[in-house]
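Notes follow the structure.
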C-alpha cells in the first residue's frame, strides 16, 4: 500500500521541536504525569507511560524531570491536576483537524483554541464532528533507505496491522495503540532497524490537498495552535505544500 510523503513532515516537526525545547519538555512532563496518574507509575505495566518516557528520553529530557513527572502523577509529589480534552474542527480549505489538550482550565483552553481556528479561517466544531475521519492507532516511521522486506517481516511478526511504503521512501508501520505499538517498536529496534518516530496518533483515513492562500492560512493556524501551552498534539488530514 502506498502513502503520501511522511518523512518531510517528520523532519519539519523535529525542526520545530528543536526550536522550542523548553516547551517540548513541558508537554512531555504533562503527558508522563497524566499517564502515570491513569495507569500507575511502573512503565513495565503501563504502556502509555512507557511510550511517554521513551519519547522524553529521545528528546534528551533529564531523568530527574521524568522522575518528578511520574511522582506527580502517582501522588508522591504535589502537582497540578490536568484534564484531557479534545477539540475538533475544520481548517481553511476544509481539511479536518483534531486538537488534543491537557489543561487545568477548560474555559481558557477552548477560548484559545477557538481563537486560533477563527483567526485563520477555520471553524471549531462539536464533539465527534471530525473524529470519525481519523483512526486511533500506533504509528511508526522509519527513514528512507530502511530494508522494506525486513521491516515488513519483523513488524508483521510482532503484531503490526499494516506496513505502508510512502512516496518519499519512508516506511510507515501501523499498529493498535499503546501495547502493540511498544511491542512492534521494540522488535524493530532489536532487529537493528532504526525507528525515527513512534507514537499513538489520530491518523486520517483520507488526506486533503490544501493549496494557495488556504495552505498559508492553514500553516499559520497550525503554528498558532502548536504555540498554545495547553495543546499537546494537533492532527490533520491536510496535505500542505512544502515550504
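Residue numbers (my numbering): 4 to 246. We put the CB at the ideal spot given by N, CA and C, even for glycine. For clarity, every value in this text was computed on a predicted model and none was experimentally measured.
For residue i, the residue or residues it bridges with in DSSP
i           : result
residue 200 : 144
residue 120 : DSSP output for residue 120 lists no bridge partner at all.
residue 177 : 142 and 165
residue 137 : 207
residue 105 : 87
Own chain partners of residue i with C-beta closer than 8 Å, once the 5 adjacent residues on each side are dropped
i           : result
residue 235 : 30, 33, 34, 103, 104 and 105
residue 5   : Caution is warranted here: a pLDDT of 37 is assigned to residue 5, below 50, making its placement in the model unreliable, and the coordinate value is therefore given only provisionally. Excluding positions up to five away in sequence, the list reads 167, 168, 169 and 170.
residue 181 : 50, 51, 54, 141 and 203
Member of the options whose CA lies at the smallest distance from the CA of residue i
i           : options               : result
residue 61  : 199, 215 and 218      : 199
residue 184 : 53, 112 and 97        : 53
residue 213 : 97, 44 and 48         : 97
residue 164 : 172, 173, 186 and 146 : 186
residue 226 : 174, 216 and 237      : 237
residue 206 : 69, 67 and 144        : 144
DSSP three-state assignment for residue i, whether helix, strand or coil
i           : result
residue 243 : coil
residue 37  : helix
residue 6   : Here residue 6 scores only 42 on pLDDT, less than 50, and its place in the model should not be relied on; the value that follows carries that caveat. Residue state, collapsed to three classes: strand.
residue 87  : strand
residue 132 : coil
residue 54  : helix
residue 100 : strand
residue 230 : coil
residue 127 : strand
residue 92  : strand
Neighbourhood of residue i by C-beta distance below 7 Å, restricted to the same chain and skipping five residues each side
i           : result
residue 7   : Reliability of the predicted coordinates at residue 7 is poor, the pLDDT of 49 falling under 50, and the value obtained from them is presented with this limitation in mind. Correct list, in chain order: 169, 170, 210 and 242.
residue 208 : 136, 137 and 138
residue 80  : 71 and 74
Proximity of residue i and residue j at Cβ, strictly below 8 Å
i           : j           : result
residue 190 : residue 153 : no
residue 26  : residue 76  : no
residue 139 : residue 95  : no
residue 99  : residue 133 : yes
residue 86  : residue 101 : no
Any non-hydrogen atom of the ligand FMN within 7 Å of residue i CB
i           : result
residue 198 : Looking at this structure, you won't find the ligand FMN or any other ligand, since it has none at all.
Contacting residues, own chain, Cβ-Cβ under 6 Å from residue i (five flanking each side not counted)
i           : result
residue 115 : 231
residue 223 : 123
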